[in-house]
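Enquirer: Numbering (the numbering used here), first residue to last: 7 to 590.
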């Protein structure tokens with residue numbers, strides 16, 4: 007009877023799931039059939055750039071939500087850049103409205119958005135920015151606007167930049183968990199949270215430099231846009247001068263304080279419409295569908311391969327760089343004779359050293375057949391730099407976080423925790439002295455520690471050799487700028503890790519020149535999954551759950567939870583990864 011009930015309920019559940027998916031598919035098909043192929047954006051449109059939206063490298067679709075609304079698709083960063091460029095000449099778009107309360111995008115991505123807005127202004131169309139209470143990173147993008155406004159009871163966050171690491175050594179000590187740590191590079195600080203209770207001096211030095219570089223870029227951009235000396239801007243932060251919205255007006259950080267209706271009134275005036283009319287706000291996801299910004303004409307092809315997320319072995323998930331997946335993508339582009347060049351767009355803080363080497367190998371093989379240009383996003387550090395260093399030419403944004411050439415591994419000894427805290431002990435049988443070396447229920451022997459440190463040192467030497475070969479430098483020089491040290495894109499040029507400052511569009515143009523072609527179209531990889539692939543693969547459901555969790559516990563808390571989850575994956579295998587993802 008129990009077996010029958012199990013089979014019955016399992017069959018019932020399967021039928022229910024199948025029916026649900028069938029209904030979703032049917033509704034989606036009917037909905038898509040009823041919709042025009044391209045939405046009509048009308049006339050007198052105001053393109054809306056909402057900075058609270060995180061624009062990843064590639065656009066994100068949510069097929070389940072698309073059944074219920076038209077706000078389910080988030081365009082990729084470079085789709086946004088392309089449509090802003092397209093809007094310059096589109097008579098249906100009269101200007102851009104920046105929603106600038108917060109900014110969910112990285113600093114390098116914000117630079118690319120800001121550059122696109124500055125370029126858009128050459129059309130003489132307006133750009134207006136408004137935020138109730140502006141974060142510094144949102145204000146940075148907003149400085150590209152003709153006018154910046156904030157809420158009368160809001161203001162502008164103007165206190166300078168900071169970044170904070172959390173240290174769990176004290177917690178591990180209390181729990182009697184001993185992290186056995188092996189690393190190469192005095193600046194390689196990823197293991198610091200486990201072995202010290204505050205930043206080491208090398209880490210404090212490198213963090214002071216790169217954070218200072220980002221802050222300097224922020225002040226310089228503000229100075230140029232607002233006509234205020236950088237020293238004065240710095241003093242305003244140091245003195246705590248900007249406490250209220252009126253202070254932001256007084257010191258010319260914003261052009262005035264307005265309520266939402268007053269900003270809209272100004273927009274009506276700019277497009278010569280009555281306030282009784284309805285403003286034609288054109289959302290980015292709708293505009294992307296309405297216009298064709300892709301370079302689909304041309305005899306030749308340039309492949310743009312987006313690599314975003316942690317680097318892992320195997321296929322990886324949608325938000326990871328799986329070595330098998332990317333090995334095959336790069337190989338496919340290498341053997342495709344219609345593809346004349348490859349642009350490898352990297353936005354990664356690193357990950358598995360082994361997976362990084364697998365991808366590096368495919369890049370080196372590809373560059374023997376055709377030009378390979380690397381374009382760096384917010385991060386291309388540690389493993390992210392490993393997979394980049396073989397490129398024929400490397401582009402970065404000034405605020406890209408890169409370098410961090412170093413290696414570490416961690417093996418936890420939990421014997422004390424289980425025995426003294428839980429009363430659990432372990433015993434077993436093994437055929438050799440090292441058969442259980444990677445288990446966590448006992449401390450490593452001195453010989454085993456030498457093995458693991460030797461493994462880390464060997465990988466570090468290999469990493470430096472890969473960089474030296476790719477950058478045509480001596481391994482001794484690379485060692486002097488490696489040691490796990492983090493560099494900004496601007497400084498990476500000075501030390502020879504990067505060739506040029508430029509966006510993805512600049513990298514594509516360079517790849518075309520290197521391939522000696524002007525008649526080309528861009529083909530993007532990984533190719534977007536079909537509706538059924540997203541449903542069956544679970545990515546749609548995952549995005550809904552992620553959004554729900556973020557809304558429940560908060561963005562910062564969710565990010566900390568994800569970092570703790572990532573730390574679990576560091577245990578055992580040698581890693582080439584940043585210890586942080588900076589939040590400003």
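Where a beta carbon is used, it is the ideal one built from N, C-alpha and C, also for glycine.
Predicted model, so just to flag it, every value in this text is computed and none were measured.
Count the C-beta pairs between the segment 99-109 and the segment 141-155 that are closer than 8 Å, then say yes if the count reaches three, no if not.
Expert: yes
Enquirer: Excluding sequence positions up to five away, which residues of its chain have a Cβ less than 6 Å from the Cβ of residue 345?
Expert: If we look at residue 345 and ignore the five residues flanking it on each side, its Cβ neighbours are 307, 309 and 339.
Enquirer: Do you know whose CA, among 522, 46 and 52, lies nearest residue 279's CA?
Expert: 52
Enquirer: Where does residue 432 sit, in a helix, a strand or coil, going by DSSP?
Expert: coil
Enquirer: Could you give the C-beta distance for residue 254 and residue 260, rounded to a whole number, given that I count them as a contact under 8 Å?
Expert: 5 Å
Enquirer: Count the other C-beta atoms from every protein chain shown that fall within 10 angstroms of the C-beta of residue 510, then say buried if there are 16 or more, exposed otherwise.
Expert: buried
Enquirer: Would you give the residue range spanned by the beta strand (DSSP E) that residue 348 belongs to?
Expert: 345-354
Enquirer: Give me the residue from 353, 61 and 426 with the minimum Cα distance to residue 381.
Expert: 353
Enquirer: Would you grab the beta carbon distance between residue 490 and residue 410 for me? Rounded to a whole angstrom, and I think it's under 8 Å.
Expert: Their Cβ separation, rounded to whole angstroms, is 6 Å, which keeps residue 490 and residue 410 in contact under 8 Å.
Enquirer: Touch check for the segment 522-536 and the segment 85-94: three-plus C-beta pairs under 8 Å?
Expert: no
Enquirer: Give the DSSP-derived three-state secondary structure of residue 481 in the structure shown.
Expert: helix
Enquirer: Buried or exposed, going by whether 16 or more other CB atoms sit within 10 Å of the CB of residue 291?
Expert: buried
Enquirer: For residue 583, which residues of its own chain have a beta-carbon under 7 Å away from its beta-carbon, when the five flanking residues on both sides are left out?
Expert: 196, 355, 356, 357, 388 and 389
Enquirer: With H, G and I counted as helix, E and B as strand and the rest as coil, what does DSSP make of residue 185?
Expert: strand
Enquirer: Report the three-state DSSP secondary structure of residue 450 (helix, strand or coil).
Expert: coil
Enquirer: Please report the residue range of the alpha helix (DSSP H) in which residue 153 lies.
Expert: Following the DSSP letters along the chain, one finds residue 153 in no alpha helix (DSSP H) but inside the beta strand (DSSP E) bounded by residues 153-162.
Enquirer: Check each candidate in 485, 143 and 373 and name the one with the smallest Cα separation from residue 469.
Expert: 485
Enquirer: Rounded to the nearest angstrom, what separates residue 264 and residue 97 at their Cα positions?
Expert: Taking the straight line joining both Cα atoms gives about 28 Å.
Enquirer: Out of curiosity, what's the CA-to-CA distance linking residue 116 and residue 129?
Expert: 21 Å
Enquirer: For a minimum of 4 consecutive residues, which ranges assigned as the alpha helix (DSSP H) are wholly contained in the segment 329-410?
Expert: DSSP runs (the alpha helix (DSSP H)) wholly in the segment 329-410: 329-341, 359-373 and 389-392.
Enquirer: With DSSP run on the structure shown, which of helix, strand or coil describes residue 236?
Expert: helix
Enquirer: Give me the residue from 459, 146, 59 and 371 with the minimum Cα distance to residue 225.
Expert: 146
Enquirer: Count the C-beta pairs between the segment 439-448 and the segment 514-530 that are closer than 8 Å, then say yes if the count reaches three, no if not.
Expert: Segments in contact, no.
Enquirer: So, helix, strand or coil for residue 38, using DSSP?
Expert: Reliability fails at residue 38, whose pLDDT of 48 lies under 50, so the model's placement of it is uncertain and no value is given.
Enquirer: Where residue 55 and residue 289 are concerned, what is the direct C-alpha to C-alpha distance, given to the nearest angstrom?
Expert: 7 Å
Enquirer: Would you call residue 465 buried or exposed, if buried means 16 or more other Cβ atoms sit within 10 Å of its Cβ?
Expert: buried
Enquirer: What do you get for residue 193, buried or exposed, if any count of 16 or more other CB atoms within 10 angstroms of its CB means buried?
Expert: buried
Enquirer: Run through the segment 59-132 for me and flag every whole beta strand (DSSP E) of 3 or more residues, listed as ranges in chain order.
Expert: Within the segment 59-132, the complete beta strand (DSSP E) segments at least 3 residues long are 99-105, listed from N- to C-terminus.
Enquirer: Would the segment 489-506 count as touching the segment 212-225 if we require 3 or more Cβ pairs under 8 Å?
Expert: yes
Enquirer: Rounded to a whole number of angstroms, what is the C-alpha to C-alpha distance between residue 47 and residue 277?
Expert: 15 Å
Enquirer: Return the bridge partner residues of residue 527 from the DSSP annotation.
Expert: According to DSSP, residue pairing for residue 527 in a beta bridge involves 307.
Enquirer: So, helix, strand or coil for residue 3, using DSSP?
Expert: Residue numbering for the chain in the displayed model covers 7 to 590; residue 3 lies beyond these limits and cannot be assessed.
Enquirer: Let me confirm a value: residue 430 is counted as buried when at least 16 other C-beta atoms fall within 10 Å, else exposed. Which label applies?
Expert: exposed
Enquirer: If you drop the 5 nearest sequence neighbours on each side, which residues of the same chain put their C-beta closer than 6 Å to that of residue 336?
Expert: 368 and 372
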